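K.L.:
For reference, the structure I am asking about is given below.
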Amino acid sequence: MSYFTPEEKRHFKRFGFVAKENIIPEPIRSSAIDVLWDTIEADRDDPQSWIDAGPKGNLPCRNEDAIGATVHQTPVYQMAEELAGAGNLGSPGNPLCKMVYPTGHKNWEPPRGHLDGYTDPDRSEAWTFSIGVTMNIADVAPNSGGFTVWKGSHEKVAEHFRSHSLLTGYDINKAQEPDIGSTCERYEHAAPAGSVVFWHHYLLHGASMNCGHDIRMAF
Numbered sequence: 104m105s106y107f108t109p110e111e112k113r114h115f116k117r118f119g120f121v122a123k124e125n126i127i128p129e130p131i132r133s134s135a136i137d138v139l140w141d142t143i144e145a146d147r148d149d150p151q152s153w154i155d156a157g158p159k160g161n162l163p164c165r166n167e168d169a170i171g172a173t174v175h176q177t178p179v180y181q182m183a184e185e186l187a188g189a190g191n192l193g194s195p196g197n198p199l200c201k202m203v204y205p206t207g208h209k210n211w212e213p214p215r216g217h218l219d220g221y222t223d224p225d226r227s228e229a230w231t232f233s234i235g236v237t238m239n240i241a242d243v244a245p246n247s248g249g250f251t252v253w254k255g256s257h258e259k260v261a262e263h264f265r266s267h268s269l270l271t272g273y274d275i276n277k278a279q280e281p282d283i284g285s286t287c288e289r290y291e292h293a294a295p296a297g298s299v300v301f302w303h304h305y306l307l308h309g310a311s312m313n314c315g316h317d318i319r320m321a322f
């Protein structure tokens, strides 16, 4: 069974990502959201308490079974493996829980992209991976914290690394030399709950500012 059409695979190769809807079933999402609300420092029934709430960063609830079910009880891993090639991926762990809380204002500004694996400039090495997966656990509206990528930036990053050390990825993250993001079209995954983006590890990406009303819940 193939999860992707030939056109979707061409899109992944050309732009570095492909998005699919209706991948995470509602019962799995609902159970995961219950865990999130038990973790978030905000009142589920009081939207005013969601503004600039916490915790920031990766939530500590990632090891809960309801969180892991979004990967282990869905075809997400099999879909990623289809794009990367059979046998090219390690066994999946539980996903990271990434919240983007509302800012409480409407002064939306576009995000700046970064590469994963180039976050500690004091280290003498960089780590990488094959495919990233971002799952919308709840609906995401435009300008509301959606996962954002820069189309085709994976090709430009790969070309850069053909003649430069991987450690120069730190400079790319600082939008210094080279400033790849400014040459690529930006795509924000404002999409319904259950939608999933599969993305190449060299793709510039980031979460947008959340000027909406709801917490952006994504794994």
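Going by my numbering, the first residue of the sequence shown is number 104, and it counts up by one from there. For each residue, glycine too, the CB sits at the ideal point set by N, CA and C. The structure presented is a predicted model; accordingly, all values stated were derived computationally and were not measured.
If I follow the unbroken beta strand (DSSP E) through GLU291, where does it start and stop?
P.N.:
Counting from one through the sequence shown, the residue named residue 291 turns up at place 188. Per DSSP, GLU291 belongs to the beta strand (DSSP E) from 289-291.
K.L.:
Rank ILE154, TRP140, TYR106 by C-alpha distance to the C-alpha of HIS208 and give the top, closest one.
P.N.:
Numbered from 1 along the sequence shown, position 105 holds the residue referred to as residue 208. If we check each option's Cα against that of HIS208, ILE154 comes out closest.
K.L.:
Can you give me the C-alpha to C-alpha distance between GLY297 and LYS123, rounded to a whole angstrom?
P.N.:
Indexing the sequence shown from 1 puts residue 297 at position 194. Indexing the sequence shown from 1 puts residue 123 at position 20. Computed Cα separation, rounded: 9 angstroms.
K.L.:
Applying the 10 Å Cβ sphere with the 16-neighbour rule, what's the burial state of HIS303?
P.N.:
By 1-based counting over the sequence shown, the position of residue 303 is 200. HIS303 should be labelled buried.
K.L.:
Tell me, please, which residues DSSP counts as bridged to MET320.
P.N.:
By 1-based counting over the sequence shown, the position of residue 320 is 217. Per DSSP, MET202.
K.L.:
Considering only DSSP beta bridges, list what SER247 is partnered with.
P.N.:
Residue numbering aside, residue 247 sits at position 144 when the sequence shown is read from its first letter. In the DSSP output, where bridge partners are listed per residue, SER247 has ASN313.
K.L.:
Where does ALA145 fall in DSSP's three states?
P.N.:
In the sequence shown, residue 145 corresponds to position 42, counting from 1. Residue state, collapsed to three classes: coil.
K.L.:
From which residue to which residue does the alpha helix (DSSP H) around GLY171 run?
P.N.:
Along the sequence shown, one-based indexing puts residue 171 at 68. Start and end: 168-175.
K.L.:
Which two residues bound the contiguous beta strand (DSSP E) that contains GLY235?
P.N.:
Against the sequence shown, residue 235 aligns to sequence position 132. Looking at the DSSP string, the run of the beta strand (DSSP E) that includes GLY235 is 234-238.
K.L.:
Any idea if ALA247 is buried or exposed, counting beta-carbon neighbours within 10 angstroms, 16 or more meaning buried?
P.N.:
Taking the sequence shown and counting its residues from 1, the one referred to as residue 247 is at position 144. It should be pointed out that residue 247 corresponds to Ser in this sequence rather than to Ala. Classification of SER247: buried, given that the 10 Å Cβ count is 16 or more.
K.L.:
Can you give me the Cβ contacts of PRO198 inside the same chain, cut-off strictly under 8 angstroms, excluding the 5 residues immediately before and after it?
P.N.:
As a position in the sequence shown, residue 198 is number 95, starting the count at 1. So the list reads ARG165, ILE170, GLY171, THR173, VAL174, VAL236, MET238, PHE322, once near-sequence residues are dropped.
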